[in-house]
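To start, the structure under review is shown below, and the notes come after it.
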Amino acid sequence: MQKLKIGFIGIGVMGKSMADNLLKAGYEVMVYTRTKQKAESLLAKGAKWFDSAKVLAQNVDVVISMVGYPQDVAEIYLGENGVIKNLKPQSIIIDMTTSSPKLAQEIYQEAQKYEIKSLDAPVSGGDVGAKNGTLAIMVGGDKEVYEEVLPIFEAMGKTICYFGKAGSGQYAKMSNQIAIASNMMGVCEAVAYAKKCGLNPQDLLDVISTGAAGSWSLSNLAPRMLKGDFAPGFFIKHFIKDMKIAIESADEMNLDLPGLKLAKSLYEKLAKEGYENNGTQALLKYYDAE
Numbered sequence: 029m030q031k032l033k034i035g036f037i038g039i040g041v042m043g044k045s046m047a048d049n050l051l052k053a054g055y056e057v058m059v060y061t062r063t064k065q066k067a068e069s070l071l072a073k074g075a076k077w078f079d080s081a082k083v084l085a086q087n088v089d090v091v092i093s094m095v096g097y098p099q100d101v102a103e104i105y106l107g108e109n110g111v112i113k114n115l116k117p118q119s120i121i122i123d124m125t126t127s128s129p130k131l132a133q134e135i136y137q138e139a140q141k142y143e144i145k146s147l148d149a150p151v152s153g154g155d156v157g158a159k160n161g162t163l164a165i166m167v168g169g170d171k172e173v174y175e176e177v178l179p180i181f182e183a184m185g186k187t188i189c190y191f192g193k194a195g196s197g198q199y200a201k202m203s204n205q206i207a208i209a210s211n212m213m214g215v216c217e218a219v220a221y222a223k224k225c226g227l228n229p230q231d232l233l234d235v236i237s238t239g240a241a242g243s244w245s246l247s248n249l250a251p252r253m254l255k256g257d258f259a260p261g262f263f264i265k266h267f268i269k270d271m272k273i274a275i276e277s278a279d280e281m282n283l284d285l286p287g288l289k290l291a292k293s294l295y296e297k298l299a300k301e302g303y304e305n306n307g308t309q310a311l312l313k314y315y316d317a318e
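Going by the numbering used here, the letters in the sequence shown line up with residues 29 to 318, in that order.
Here's what the structure looks like:
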């Protein structure tokens, strides 16, 4: 696997660290992103730059994408100048963006026409997990392809699970986002309540994070809230996108998710107030404004 050339598309908050960990693991990494400046630190470490997804695809064995929205994913893979039509047969594509399960299935079917192997492998763990190489990675697609690229996943993540056919990784990630949505409301409400009661919020977090209330968001994002640090480990605008996908998917299965819908409505209020580029922990602003 070390000899495979990896193309990485999307060098944002998450993608930059993920590509960096591939370099550290000894892979030859080629990168493309809309703003070359974002990739400068990777280029200094040995990554190679290409001016388009098309040219990148023509020079690699594996393409990994980590972009913002499903429309970006569709453009990268399905367009005339996209990845699928420019990769050599038996190459592998891995979309690690949190995207639509239906789109993942469409990409898989299109890739098959060109003898390209396709996986959907969204991640969880935020900027901290991406930096430390401890991401949770949820994978859908053919199992033999998953097993073929497992060393690549292991360079970026700690908990890696194969869930089944194409789209299954995205369904798993939607379950993850559903769990986070209501949990973030609980974390913010606990902090807001502690402040109103006159408790020391940090002392409270130190205690309740060790008990039944403990969660990743409580341990990692609540301390940022108390410091007024709302920099994005994960953008509010991207979380809203994820929640929309999850609700649409649940509606297709006649499943009502009231907690998710409430969380989405609160985040949409923040976005309208100009906080869409803040991290998800900025939900506290909603309660502080009450």
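Backbone N, C-alpha and C fix where the C-beta goes; we use that ideal spot for every residue, glycine too.
Computed from a predicted structure; not experimentally measured.
Cβ-Cβ separation, residue j to residue i (assumed contact under 8 Å), whole Å
i                : j             : result
phenylalanine 78 : leucine 84    : 4 Å
glutamine 198    : aspartate 148 : 5 Å
tyrosine 97      : lysine 269    : 6 Å
glycine 226      : asparagine 49 : Not really, about 44 Å apart at Cβ, beyond 8 Å.
serine 196       : glycine 153   : About 19 Å; that fails the 8 Å criterion.
leucine 311      : leucine 298   : 7 Å
methionine 271   : alanine 209   : 6 Å
lysine 159       : serine 45     : 4 Å
lysine 313       : tyrosine 303  : 6 Å
Alpha helix (DSSP H) segment containing residue i, residue limits
i              : result
alanine 164    : Alanine 164 -> not in any alpha helix (DSSP H); beta strand (DSSP E) instead, spanning 163-169.
isoleucine 319 : For residue 319 there is no data in the structure shown, the boundaries of the chain being 29 and 318.
serine 45      : 43-52
alanine 220    : 196-225
methionine 253 : 250-254
isoleucine 104 : 98-106
aspartate 316  : 312-316
Within 8 Å, strictly: CB atoms of residue i and residue j
i                 : j              : result
alanine 194       : glutamine 133  : yes
isoleucine 112    : tyrosine 136   : no
isoleucine 37     : threonine 61   : yes
glycine 192       : leucine 163    : no
valine 90         : isoleucine 122 : yes
valine 177        : isoleucine 165 : no
leucine 254       : alanine 274    : no
lysine 145        : isoleucine 180 : no
alanine 67        : isoleucine 92  : no
leucine 115       : isoleucine 206 : no
alanine 81        : valine 59      : no
methionine 94     : threonine 63   : no
alanine 250       : aspartate 316  : no
phenylalanine 258 : asparagine 204 : no
threonine 308     : isoleucine 236 : no
lysine 27         : leucine 51     : Lying outside 29 to 318, the shown extent of the chain, residue 27 is not represented and no answer is given.
serine 247        : methionine 212 : no
methionine 202    : serine 277     : yes
valine 156        : glycine 261    : yes
Backbone secondary structure at residue i - three-state DSSP
i                 : result
leucine 26        : Past the edges of the chain, shown from 29 to 318, lies residue 26, and the structure says nothing about it.
glutamate 301     : helix
valine 91         : strand
lysine 66         : helix
lysine 73         : coil
aspartate 234     : helix
lysine 116        : coil
aspartate 284     : coil
alanine 241       : coil
methionine 29     : Here methionine 29 scores only 46 on pLDDT, less than 50, and its place in the model should not be relied on; the value that follows carries that caveat. Of the three classes helix, strand and coil, the one that applies to methionine 29 here is coil, per DSSP.
phenylalanine 181 : helix
glycine 157       : helix
isoleucine 39     : coil
aspartate 257     : coil
aspartate 79      : coil
Any non-hydrogen atom of the ligand GTP within 7 Å of residue i CB
i           : result
glycine 302 : No copy of the ligand GTP occurs in the structure displayed, which carries no ligand at all.
In DSSP terms, what residue i is bridged to
i                 : result
cysteine 189      : Met166
valine 57         : Ile34
serine 152        : Ala164
phenylalanine 263 : Gly307
Residue i, enclosing beta strand (DSSP E) - first and last residue
i             : result
leucine 147   : 145-148
lysine 141    : Careful: lysine 141 lies outside any beta strand (DSSP E), inside the alpha helix (DSSP H) at 129-141.
aspartate 123 : 120-123
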